[in-house]
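All remarks here apply to the structure that follows.
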Amino acid sequence: MTGPPNETWPAIFLDRDGTLMRDVDYCGDPGKVEVFQEAAAALRRLKERGYKLIIITNQSGIGRGYFTENDYRAVEQEFLRQLGAGLIDASYYCPDVPGKNSVQRKPAPGMVLEAQRDHRLDLTRSWFIGDKASDIECGRNAGARTILVRTGYGAGEPNCGADWIARDLAHAAEIILKER
């Protein structure tokens, strides 16, 4: 997607663990990656409609010393292999631990704003999909519409102010395409 220098793109910001793949607390092992069955097809539908797909993920396991940045990269590589080539436009992660003063760690919008600058994104036409209240708050803090998915932690998350609630990523994609 290229265009004039002042053209902007809508994006779908996606939490990774619990939204796109099974959440295994502090995943530093590529052998534990299990992408949800519906993820690739749902993302393909969104990509075909012109959305940039950007992962926004807290990875405090790095900051806690549970795994290294190289371990994170290996997990990310396996995640992308299972998902399939050409779907994800960029991935941003924050290694900060909870309680640390951080402008990057969700619910702060730092990673979203960085992606906005890097990819010329229009946040008013964008969405944030996640399975935790911190994902929803991050999306709201960035000015995007939000969808809480009932996968991962979302299965037990109370209504946390999301604009929509979806069963899974496929349902979230349906909502976005209908609302568009």
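Residue 179 is where the sequence shown ends in numbering that gives the first Met the number 0, and the numbering goes up by one at each step. All residues carry an ideal CB built from backbone N, CA and C; glycine is no exception.
Contact under 7 angstroms by Cβ, residue i with residue j
i	j	result
Asp-117	Val-148	no
Leu-86	Leu-42	yes
Gly-129	Thr-18	yes
Tyr-25	Tyr-65	yes
Pro-94	Ile-54	no
Ala-169	Ile-146	no
Pro-106	Glu-136	yes
Val-181	Ser-59	Beyond the ends of the chain as shown, which are 0 and 179, falls residue 181; an answer cannot be given.
Ala-39	Gly-83	yes
Asp-28	Leu-52	no
Pro-34	Glu-77	As written in the sequence, residue 34 is Val, which differs from the Pro given in the question. Cβ atoms of Val-34 and Glu-77: not closer than 7 angstroms.
Sequence-distant residues of its chain with Cβ nearer than 7 angstroms to residue i (five each side left out)
i	result
Ala-132	Glu-156, Cys-159
Asp-121	Thr-7, Trp-8, Pro-9
Asn-5	none
Trp-209	Residue 209 is absent from the structure shown; the chain starts at 0 and stops at 179.
Asp-134	Asp-14, Lys-105, Phe-127
Met-20	Val-32, Glu-33, Val-34, Phe-35, Phe-78
Ala-73	Pro-29
Residues that DSSP places opposite residue i in a beta bridge
i	result
Leu-13	Ile-54, Ile-128
Ile-164	Leu-147
Val-34	Met-20
Given residue i as reference, the closest of the options once Cα atoms are compared
i	options	result
Ala-114	Ile-11, Asn-5, Glu-6	Ile-11
Trp-8	Val-23, Lys-31, Leu-45	Leu-45
Gly-138	Val-32, Tyr-152, Arg-104, Arg-179	Arg-104
Arg-15	Gly-142, Phe-127, Arg-179, Glu-178	Phe-127
Gly-142	Val-111, Ala-89, Lys-177, Val-96	Val-111
Glu-173	Arg-48, Asp-28, Asn-140	Arg-48
Thr-150	Gln-36, Asp-70, Glu-68	Gln-36
Gly-30	Ala-39, Gln-81, Thr-123	Gln-81
Tyr-50	Lys-177, Arg-124, Trp-163, Ala-171	Arg-124
Asn-57	Lys-177, Ala-73, Leu-13	Leu-13
Arg-144	Arg-179, Ala-154, Arg-119	Arg-179
Ser-90	Lys-177, Tyr-71, Ala-154	Tyr-71
8 angstroms CB neighbourhood of residue i in its chain, flanking five on each side removed
i	result
Tyr-152	Gly-17, Asp-22, Asp-130, Lys-131
Thr-67	Gly-27, Ile-61
Ser-101	Cys-93, Asp-95, Ala-107, Gly-109
Own chain, CB closer than 6 angstroms to residue i, minus 5 neighbours either side, in chain order
i	result
Ala-171	Ile-128, Ile-146, Val-148, Ala-165
Item to check | Unbroken stretches of the alpha helix (DSSP H), 4 residues or longer, contained in the stretch 72 to 154 | outcome: 109 to 118, 132 to 141
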